[in-house]
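What follows is a set of notes on a single structure, which appears directly below.
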C-alpha cells in the first residue's frame with residue numbers, strides 16, 4: 106500500500122515538482138502571541154463557505170426557481186425530503202454565521218494592520234470576497250419566495266434606483282423588469298448559484314494562495330516573536346478544533362432553531378409591517394433612513410448611496426492609503442476608523458432591532 | 002416646426018372651438034333653482050329642507066325641488082314669491098303624512114321615468130308598501146305608521162350604499178328603532194319594543210354592529226323593507242333559509258317539520274329565538290338546562306335519548322378536533338413545519354360545521370355519519386401532529402448524539418495537540 110502511494114507521489118512529483126510545495130508547507134510557521142486567535146477567523150469563514158457549497162448543492166436537487174414553484178419546493182424540502190429541514194436550516198444559519206465571521210475576520214485584519222505591504226492584494230481580494238458574501242446573502246434571501254423576502258427584495262432593489270443615470274437600468278437589470286416578479290427570482294437564483302460561486306472560487310483561490318505564499322502577518326511593532334508553531338500539523342489541527350466547535354454551534358442552532366419559511370409571497374397583497382433586510386444590511390438600511398429627504402439640492406437617498414459607494418471603494422484601497430503602516434509605523438487613524446466602523450455597524454444594527462422597530 | 006404648426010391648425014383649433022361652444026351650451030342648459038336660494042335665507046337649521054337637500058340624491062341626480070313640489074324655480078322669488086309658488090304653475094303644498102307614499106310613487110313607480118337614472122332600478126316599492134303592515138294601517142287612517150320619509154328622510158335622501166344614509170345596512174336597526182323602541186309611541190300596537198336591545202345582543206347584531214360585517218342581516222333582511230311585515234309561522238324557514246339554505250332544507254325534510262306545524266311552533270325561532278338569536282354552545286344540544294332540545298324533550302321522553310347521543314357525538318368529535326389543534330400548535334411552537342397539518346385541520350373544521358348543520362335533520366344516524374367521517378380525518382391529523390412531535394424528539398436525540406461525537410472528536414484532537422506540544426517542548 107505504502108509503495109503504491111509512494112509511486113503515485115513520485116509520478117506526480119516528476120511532473121509537477123510537488124516536493125517543493127510540501128517542503129514549503131512543512132517549514133511554514135505561525136507566530137504565537139496574544140493575537141494569534143484572530144488567525145483562526147479566516148479558517149472558520151472558509152468552513153462555513155464549504156458548508157454553504159455542500160448544503161447549497163443538496164438544496165438544488167429539489168429547489169425550483171419559479172414564482173409558482175419556489176415556495177412549494179422549499180416547503181417540500183422541509184416536510185417531505187429526508188433531513189431536508191436540516192439541510193435548509195444549516196444553509197440558512199451557516200450563511201449568517203459566514204457573514205458574521207467575514208466581518209470578524211475583516212475587522213481583525215484591519216485592526217492588526219495585516220493588510221500592509223506586502224499583503225495589499227490579500228486585503229483587496231478579501232474585501233471583494235466580503236462584497237460577494239453580501240451579494241450571496243441578498244440573492245439567496247429571495248429564493249424561498251416568502252412574504253418577508255419578497256418585500257425586502259423590493260425595498261432593497263428600489264435603493265439602486267436613486268443612482269443617477271444608471272439607477273433605473275440597474276433596478277431593471279436586477280429585477281428582470283419593472284417589478285419584483287418570477288423573472289427576478291430566476292435572475293437572482295442564477296446569480297446565487299452560478300455567477301457568484303464562480304467569482305468566489307477564483308478570488309478565494311487567489312486569496313488562499315496569497316495567504317499560504319506570504320504566511321501570517323505580524324502586527325506593527327512586533328519585531329520578534331518568541332514562540333512559533335508549525336503550520337502543519339500544529340496550526341492546522343488547532344484550526345480543525347475550531348471547525349469542530351463551529352460545527353457544534355451550527356448543529357445546535359440549526360436543530361433547536363430551525364429556519365422558518367413564513368407565508369408565501371403575494372405580490373398583490375400590501376407590504377406587511379416592519380419589513381427589514383437581513384441583519385447584515387440593517388446598518389445601511391437604517392443609515393438611509395437617517396438621511397433627510399433633501400440635502401441642499403440633492404436627494405437624501407442619493408447622497409447616502411454615494412457615501413456608501415465612496416466608503417466601499419475606500420475600504421478596498423485601505424492598504425494603499427495607510428502610508429504609516431506601510432513604513433511599519435503605528436497608524437492610529439486607521440485603528441480609529443476601524444473601531445468607529447465596528448461601533449457604528451454594531452450599535453446601528455442593535456438599535457434597528459430594539460429601538461427603531 | 003412648420004409641420005407642428007400645421008397639425009395645430011388642423012386638429013387643435015377645431016377642437017378648441019367645439020369645446021368652447023359645447024361648454025357654453027351646457028351652461029345655458031343648467032336650470033336656475035331659485036327655491037334653494039330663497040329658502041336658504043330663512044332656513045338655518047341643519048335639518049331644514051333647503052340645507053338637507055344639498056346632499057340629497059335627488060339634487061345630485063338633477064331632480065329639482067319643483068320636480069316634486071311644482072312651481073317655477075326660474076322666477077326670482079325675492080321679486081315675486083307668489084308667482085314662483087303659484088298653483089297655476091303646478092305648485093303643490095307639501096304632502097300630508099298619508100299622502101307621502103303616493104307622492105313619491107309618482108316617479109318611483111314609473112319605470113319609464115326612473116330607468117334613465119338606473120336601467121335596473123326597482124319600481125315596486127309602492128306596490129310592496131301597500132302590502133306591508135305599515136301600508137295596511139296607513140290605509141285605515143293610522144297616521145302614526147311609517148311612510149317613505151320616516152325611513153329615508155324627506156330632503157336628505159341618500160343612496161342605501163352611502164354609510165351616512167338612514168337606510169345603510171348598519172344604520173337600519175337604529176332607523177327602525179326610532180319608532181319600534183319607543184314604548185310610548187308604540188302603545189296600542191300590542192307588539193314588544195325590545196327588538197333593538199335583543200338584536201344588539203344577538204349573533205347577527207354582533208356581526209353587523211360590532212364587527213362591521215355588512216353581510217350580516219339587519220331588520221329588513223328578515224322582515225322585508227318596503228313590504229315590511231312579521232313573517233308568518235310557516236314562512237320562517239324560508240326567511241332564515243335565504244341565508245341558511247342548507248339548514249332550512251334539512252329542517253323541511255325532518256320529522257320536526259310535521260310536529261312543529263301540528264303544534265303551531267314558529268319553525269327555526271322555536272329553538273333559536275327571533276331577535277335574540279344566540280351563538281350556540283355545546284350546552285345548547287342534549288337535554289340539559291341550557292339546551293334548546295330540552296325545551297320540548299324532557300329526560301326519558303321520546304327523542305331525549307337521540308338528543309343526548311347527537312350532543313355526545315358532536316362533542317366528542319369537537320374535543321378531538323381541539324386536541325388536534327393543541328398538538329399542532331405545540332409542534333409549531335417547537336419549530337416544526339405544520340402547514341400541511343393546518344390545511345388538514347381546516348378540512349376537519351368543515352366536517353364539524355357540517356355535523357353541526359346536520360343537527361337540523363334531527364337524525365342521529367345522519368349526524369353520526371358526518372361525525373364518523375370527520376373523526377377519521379381528525380385522527381389522521383392527530384397522527385400527523387404526533388408524528389411531528391415525535392420527529393421533534395428524534396431531532397433532539399440526533400442533536401445530542403451528534404454533539405457527543407463532535408465532543409469526542411474535539412477532545413481527541415485537543416489531546417493530540419497537547420501531545421504534540423509536549424513532545425516539542427521536550
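Residue numbers (this note's numbering), protein chains in the order written: chain V, 106 to 462; chain G, 2 to 427. Think of the CB as a built atom: it goes at the ideal place given N, C-alpha and C, for glycine as much as any other residue. Here the structure is a predicted model, which is why all the values come from computation and not from measurement.
Exercise for the section: Count the other C-beta atoms from every protein chain shown that fall within 10 angstroms of the C-beta of residue 25(G), then say buried if there are 16 or more, exposed otherwise. Expected result: Residue placement at residue 25(G) cannot be trusted, given a pLDDT of 44 that sits under 50; the coordinates are not used to answer.
Practice task
Closer than 7 Å by beta-carbon distance: list the chain V residues that pair up with residue 410(G), in chain order.
Solution key: By Cβ distance, chain V contributes 349.
Practice task
Please decide whether residue 214(G) counts as near chain V, where near means a Cβ-Cβ distance under 8 Å.
Solution key: no
Exercise for the section: For the beta strand (DSSP E) holding residue 123(V), just list the boundary residues, first then last. Expected result: For residue 123(V), there is no enclosing beta strand (DSSP E); the residue is part of the alpha helix (DSSP H) that begins and ends at 123-132.
Problem - Any chain V beta carbon closer than 8 Å to residue 338(G) - result: yes
Handout entry: Exposure label - residue 298(G); buried when at least 16 CB within 10 Å
Key = buried
Handout entry: Environment of residue 111(V) [buried if 16+ CB atoms lie within 10 Å]
Key = exposed
Practice task
Please decide whether residue 121(V) counts as near chain G, where near means a Cβ-Cβ distance under 8 Å.
Solution key: no
Practice task
For residue 184(V), return the contacting residues in chain G, with the cut-off set at a CB-CB distance below 8 Å.
Solution key: 338, 340 and 341
Problem - Three-state secondary structure (DSSP) of residue 111(G) - result: Coil, per DSSP.
Handout entry: Under 8 Å between C-beta atoms of residue 369(V) and residue 154(V)
Key = no
Exercise for the section: Whole angstroms is fine: what's the gap from residue 283(G)'s alpha carbon to residue 200(V)'s? Expected result: Roughly 51 Å separates the two Cα atoms.
Handout entry: CB contact check: residue 417(G) to chain V, cutoff 8 Å
Key = yes
Handout entry: Cβ neighbour criterion (16 or more within 10 Å) applied to residue 275(G)
Key = Label assigned to residue 275(G): buried.
Handout entry: Short Cβ contact (8 Å threshold) for residue 134(G) with residue 230(G)
Key = yes
Practice task
Establish whether the CB of residue 22(G) and some CB of chain V are separated by less than 8 Å.
Solution key: Low confidence applies here, because residue 22(G) scores a pLDDT of 47, under 50, leaving its location unreliable and the question unanswered by this model.
Practice task
Could you say if the segment 144-156 of chain G and the segment 96-106 of chain G meet the contact criterion of at least three C-beta pairs nearer than 8 Å?
Solution key: Output reads yes: the segment 96-106 of chain G touches the segment 144-156 of chain G.
Practice task
Output, in sequence order along the chain, the residues in the segment 157-178 of chain V whose CB is closer than 9 Å to any CB in chain G.
Solution key: Taking 9 Å as the Cβ-Cβ cut-off against chain G, none of the residues of the segment 157-178 of chain V qualify.
Handout entry: Own chain residues within Cβ distance below 6 Å of residue 408(G), not counting five before or after
Key = none
Practice task
Would you mind telling me which residues of chain V sit closer than 7 Å to residue 329(G), beta carbon to beta carbon, in chain order?
Solution key: For residue 329(G), no chain V residue has a Cβ inside 7 Å of its Cβ, as the nearest lies near 14 Å away.
Practice task
Please classify residue 334(V): does DSSP put it in a helix, a strand, or coil?
Solution key: Strand at residue 334(V).
Exercise for the section: Whole angstroms is fine: what's the gap from residue 353(V)'s alpha carbon to residue 198(V)'s? Expected result: Rounded to the nearest angstrom, the two C-alpha atoms are 12 Å apart.
Handout entry: Reduced DSSP category for residue 400(V) - H, G, I as helix; E, B as strand; rest coil
Key = Strand at residue 400(V).
Practice task
My understanding is that residue 288(G) touches residue 309(G), with C-beta atoms under 8 Å, so please give their C-beta distance in whole angstroms.
Solution key: 6 Å
Problem - Residue range of the alpha helix (DSSP H) that includes residue 54(G) - result: No alpha helix (DSSP H) holds residue 54(G); DSSP gives it neither H nor E.
Handout entry: residue 324(G) - DSSP class collapsed to helix/strand/coil
Key = helix
Problem - C-alpha gap between residue 128(V) and residue 118(V), whole angstroms - result: 12 Å
Problem - Continuous alpha helix (DSSP H) stretch holding residue 304(V): start and end - result: 301-319
Practice task
Give the straight-line distance between the Cα atoms of residue 282(V) and residue 248(G), rounded to the nearest whole angstrom.
Solution key: 52 Å
Exercise for the section: Would you please verify whether the beta carbon of residue 336(V) is less than 8 Å from any beta carbon of chain G? Expected result: no
Handout entry: For residue 251(V), the three-state DSSP class (helix, strand or coil)
Key = Strand, per DSSP.
Handout entry: For residue 120(G), three-class secondary structure by DSSP
Key = coil
Exercise for the section: Report the option in 396(G), 314(G), 353(G) and 415(G) whose CA atom is closest to the CA atom of residue 366(G). Expected result: Selected option, being the one with the closest Cα: 314(G).
Problem - Supposed contact pair residue 267(G) and residue 234(G) - C-beta distance, whole angstroms, cut 8 Å - result: Indeed they touch by this definition, with Cβ atoms about 5 Å apart.
Practice task
State the DSSP-derived secondary structure class of residue 135(V), mapped to helix, strand or coil.
Solution key: strand
Exercise for the section: Scan the segment 385-414 of chain G for residues whose Cβ lies nearer than 8 Å to a Cβ of chain V and list them as they occur along the chain. Expected result: If the cut-off is 8 Å between Cβ atoms, the segment 385-414 of chain G has 396, 397, 399, 400, 403, 404, 407, 408, 410, 411 and 414 near chain V.
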